[in-house]
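Undergrad: Starting off with a structure, shown below.
Chains as they are written, first to last, in my numbering: chain A, 3 to 218; chain B, 13 to 264; chain C, 31 to 249.
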C-alpha cells in the first residue's frame, strides 16, 4: 500500500540536523544536537518528561521556530521533502465522517483519490464506519483514523509522537509492523514512545540531554 | 560588509552598559529643556489674541501628541526589526516603548479635553485629531494586552510584532479616513515653518517642550529597557555580576 | 488545492449549521434594540439606521470569527492543514472565503429587511447592500489576522475585539458614510472606490499577516 518515492531520491540521506538548539521561555531545552537520518532508519527519541522530544519533532516539521543551528531535508523534485507528522492530537474533525476526514485533509502535500482512502480505512479496520461522523468513534478508533494517513502519505519520512497511545494490543502490533515495513522499503521513521516497542531490528536511540548551563 | 557593529548593537549587555553612561545625560538635558520650556511657556510668551491664557495648555498638549505618534512609530519599527531579524533587544525596545507612548497618548487626550473646555465650551469634541488620538490609544492598548496575554515572553514578542506591522500599515488609512470623516479642527500650526502663524516667543516655548518631552520619554524608555534586559537575561553571568556588584556596593 | 480546502470548510460549517444562524440572530436582535433604546420615531431611525446596521454587522462578523480557527486549533487539524498542505496561504484564504460565504454574505442578504425596519428608503437600501457586499470581505480578512494571533489564548475573545475593532474603523466610516450620502441623494461612488481599494489592499497583504499570526500561535 504505502510506497516511498524511491526513484526521486539521489542519495540515502533524508535529514541532516546540525547543532540544533531549542529554547522555551528563555530556557534551553537542548543545544548542539546533531544527527542524521538515512533511509531505512528507525530512530527512537528518548529523554525524560519535558526534555523537548515533542519540541524537537515539531521544530523539524517547521511548526516551532528553533533558536540556533539548522537542519536540512533532502529535496524531492526540487522541493524540501515534507514529512508526515502525527502529534499528540489526532487531527480528526469530529463533525466529518471517517472518509471525509481523509479525503479533505491534505496528506504530505496532496489530496488523495477515493480508492486508496477506502483501502486504507479497511486496513485500519474501520471499513464499517466509512460514513460515520468521527465524533461517534471511540478514542482508539479516532486514533486509527489518524494512523490511516500513514498508509496514504507519499513521503520518505514519518515523524510519530507517541503513536501507540490509546491503541489496543492488536493495534500496537499492526503499527509496529507498518513501521518496520516502511523502513524496509526505504523510509525512515522518527518516533517517541513511553511504552516499550518491539521491532525485530533494535531501533537506534537518540537521547536528548539538558544543556549544562541550564542546570546551574 | 562588516556586521560586527550590528551584532554588538543588538547585544543586551552592550546596551545595558552604554545606557548606564547615557541615561543621566539624556535625563538631565530633558529636565533642563523642560524647565526652560515651562518658564518660556508660562512667563515669557504672549497670550493668544483669541484664546487668551488658555493657549498655554498647547505647550503640553502638542509635545505629548507628537511624542505619542513618534513612539508608536518607534515601537512598530522596533517590533518589525525584532520580528524579521529576530533581535531580542529590538523586541525589548518595542515593549518598553509601548507604555510610554500610551501614557503620552493619554496625556494628549487629557490636555486636549482641558484645552477644549475653554475653547469649544465642551470637554470632548469628536473632531478628527482627538478621534485619531483616541484610536491610537486603542492600538497601544491592544499591543500591550496582546503581549501580556502570552505566558512565554518570546512568543508574545512575535505576536506583538505581527500586530505592530499590521498596525503600521493601517495607521495612515485610519488617520486619513478619520480626517475625511471630520475636518472641523483648526489647521496644523507647527508645520508652517516658513510663515509661522505663531508668535516667535510661543514657537520657542513649543520647540523647547517638544524636545524636552521626547528626551524625557526616551529616558523613561531606556529605564524600562534596562529593567527588561535584566529580567530577561537573569540567568546570564554578567547580570549576576551587575546585580551582586550593586548589592556589595550598598553594603559598603 | 484551494477548491478542496474550501469544500472542507463549507462541509464543516454545513455539519454545524445551527452555529451559522447565530450571528444572523445576533445581527437582528442588536439592530432591533436601538428603536427600543433610542426612539421609535421614523425620521430619527432613518437618519441613524445606516450606522446602526453597519455597527451591528461589524460586531456580528467579529463574533463569528471564532469559528474560523478555534475548533481546528484545538483538535490539531489546523497544524495538520498548515503543515501537510504545503501551502499555508491557500489554507488561510480558504478559511477567509468560507467565513465570508457563511457570515458576510448572509448578513448582506439580510440587511434590506433590517433597513426596511429602520425606515430607510430605496436608494439607501441599495447603497447599504453594496457597501456591505464590499465591506464584509474586508472584515473577514482583517479579522483572520486578529483571530490567528489570539487563537491559542484562553481569554482570546475580549482581546480579539480590542485588536480588531480599531482596524475596522476605516471600513465602518466609509461604509456608513456612503449610505448616508445615498440617503441624501448624493453620489457615493468615491466612498465605494475607497472601499474597493481597502478590499484589494487587504486581499494582497492579509494572507501573509495571517500565516505569520497562526505560526506564532501554533507551538
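No residue lacks a Cβ here, since even glycine has one placed at the ideal position from N, Cα and C. Treat the numbers as computed from the prediction; the structure is a model and nothing was measured.
Which residues in the same chain have their Cβ closer than 8 Å to the Cβ of residue 225 (chain C), if we skip the five residues on either side of it in sequence?
TA: If we look at residue 225 (chain C) and ignore the five residues flanking it on each side, its Cβ neighbours are 161, 164, 165, 168, 201, 204, 205, 208.
Undergrad: Using DSSP bridges, identify the partner residues of residue 181 (chain B).
TA: For residue 181 (chain B), which the question treats as bridged, DSSP gives no partner whatsoever.
Undergrad: Would you say residue 118 (chain C) faces chain B, with C-beta separation under 9 Å as the test?
TA: No, no contact with chain B.
Undergrad: For the alpha helix (DSSP H) holding residue 42 (chain C), just list the boundary residues, first then last.
TA: First-last of the alpha helix (DSSP H) with residue 42 (chain C): 32-45.
Undergrad: Using a threshold of 9 Å, state whether the C-beta atoms of residue 98 (chain A) and residue 155 (chain A) are closer than that.
TA: The answer is no: Cβ separation not under 9 Å.
Undergrad: From the DSSP secondary-structure annotation, give me the bridge partner or partners of residue 172 (chain A).
TA: Answer is none; residue 172 (chain A) lacks a bridge partner.
Undergrad: Going by alpha carbons, who is nearest to residue 74 (chain A) out of A:82, A:198, A:68?
TA: Taking only the C-alpha atoms, the option nearest residue 74 (chain A) is A:82.
Undergrad: Quick check on the burial criterion: 16 or more other C-beta atoms within 10 angstroms. Buried or exposed for residue 75 (chain B)?
TA: Label assigned to residue 75 (chain B): buried.
Undergrad: Note down the Cα distance separating residue 43 (chain B) from residue 175 (chain B), rounded to an integer number of angstroms.
TA: Roughly 34 Å separates the two Cα atoms.
Undergrad: Looking only at C-alpha atoms, which of C:105, C:109, C:94, C:216 sits nearest to residue 154 (chain C)?
TA: With distances taken between Cα atoms, residue 154 (chain C) lies closest to C:216.
Undergrad: Thinking C-alpha only, which one of A:165, A:122, A:96, A:127 is nearest residue 41 (chain C)?
TA: Here the closest residue by C-alpha is A:96.
Undergrad: Helix or strand or just coil, what does DSSP make of residue 23 (chain A)?
TA: DSSP places residue 23 (chain A) in strand when its eight states are reduced to three.
Undergrad: With 9 Å set as the bound, which would you pick, yes or no: does the beta-carbon of residue 233 (chain C) sit closer than that to a beta-carbon of chain B?
TA: No, no contact with chain B.
Undergrad: Tell me whether the segment 65-75 of chain B and the segment 99-112 of chain B touch, counting them as touching only if at least three CB pairs, one residue from each stretch, are closer than 8 Å.
TA: Output reads no: the segment 99-112 of chain B does not touch the segment 65-75 of chain B.
Undergrad: Determine the closest residue to residue 37 (chain C) out of C:237, C:218, C:120, with distance taken between C-alpha atoms.
TA: Looking at the Cα atoms, C:120 is the closest of the given residues.
Undergrad: Ends of the alpha helix (DSSP H) at residue 86 (chain A)?
TA: Run containing residue 86 (chain A): none in the alpha helix (DSSP H); it sits in the beta strand (DSSP E), 86-88.
Undergrad: Could one say the Cβ of residue 89 (chain C) lies closer than 9 Å to chain A's Cβ atoms, at least one of them?
TA: It does not: the Cβ of residue 89 (chain C) has no partner Cβ on chain A nearer than 9 Å.
Undergrad: Going along the chain, which residues of the segment 187-216 of chain C sit with their C-beta nearer than 8 Å to a C-beta in chain B?
TA: Going along the segment 187-216 of chain C in chain order, one finds 189, 192, 193, 195, 196, 197, 199, 200, 203, 204, 207 with a Cβ nearer than 8 Å to chain B.
Undergrad: Taking the alpha-carbon positions, what's the residue 153 (chain B) to residue 92 (chain C) distance?
TA: One C-alpha to the other measures close to 19 Å.
Undergrad: Count the CB pairs spanning the segment 190-210 of chain A and the segment 53-65 of chain A that are closer than 8 Å, and state whether there are at least three.
TA: Output reads yes: the segment 53-65 of chain A touches the segment 190-210 of chain A.
Undergrad: Can you round the beta-carbon distance between residue 270 (chain B) and residue 158 (chain B) to whole angstroms, since I take them to be within the 8 Å contact cut?
TA: There is no way to answer for residue 270 (chain B), as the model of chain B reaches only from 13 to 264.
Undergrad: Is it right to say residue 212 (chain C) is buried, meaning 16 or more other beta carbons lie within 10 angstroms of its own, or is it exposed?
TA: By the neighbour-count rule (16 or more Cβ atoms within 10 Å), residue 212 (chain C) is buried.
Undergrad: Counting only beta-carbon atoms, is residue 61 (chain A) nearer than 9 Å to chain B?
TA: False, the Cβ-Cβ gap to chain B never drops below 9 Å.
Undergrad: Does residue 139 (chain B) have its Cβ less than 9 Å from a Cβ in chain A?
TA: No, residue 139 (chain B) does not count as interfacial toward chain A.
Undergrad: Comparing alpha-carbon positions, which option in A:186, A:146, A:39 lies nearest residue 206 (chain A)?
TA: Closest by alpha carbon: A:39.
Undergrad: Please classify residue 52 (chain A) as buried or exposed, where buried requires at least 16 neighbouring CB atoms within 10 angstroms.
TA: Per the 10 Å Cβ criterion, exposed.
Undergrad: If I measure Cβ to Cβ from residue 235 (chain C) and keep anything under 8 Å in the same chain, skipping five residues before and after, which residues do I get?
TA: Contacts found: none.
Undergrad: So, for residue 32 (chain C): in the same chain, excluding its five sequence neighbours on each side, which residues have a beta-carbon less than 7 Å away from its beta-carbon?
TA: Contacts found: 120, 123, 124.
Undergrad: For residue 34 (chain C), would you say it is in contact with chain A, using Cβ-to-Cβ distances shorter than 9 Å as the test?
TA: Yes, its Cβ sits closer than 9 Å to a Cβ of chain A.
Undergrad: Just to confirm my understanding: we take residue 149 (chain B), look at its own chain, exclude 5 residues before and 5 after, and list those with CB closer than 6 Å. What are they?
TA: Same-chain partners within the cutoff: 117.
Undergrad: So is residue 25 (chain A) in contact with chain B if we call contact Cβ pairs under 9 Å?
TA: Output row for residue 25 (chain A): interface = yes.
Undergrad: Please report the distance separating the alpha-carbon of residue 131 (chain C) from that of residue 230 (chain C).
TA: So the alpha carbons of these two residues sit roughly 18 Å apart.
Undergrad: Tell me the rounded alpha-carbon separation between residue 217 (chain B) and residue 210 (chain C).
TA: Their Cα atoms are separated by approximately 44 Å.
Undergrad: Given this structure, state the Cα-to-Cα distance separating residue 31 (chain A) from residue 24 (chain B), to the nearest angstrom.
TA: One C-alpha to the other measures close to 22 Å.
Undergrad: Could you give the distance in angstroms between the alpha-carbon of residue 198 (chain B) and the alpha-carbon of residue 131 (chain B)?
TA: Reliability fails at residue 198 (chain B), whose pLDDT of 45 lies under 50, so the model's placement of it is uncertain and no value is given.
Undergrad: Return the residues of the segment 215-239 of chain B that lie within a Cβ-Cβ distance of less than 9 Å from chain A, sorted by chain order.
TA: If the cut-off is 9 Å between Cβ atoms, the segment 215-239 of chain B has nothing near chain A.
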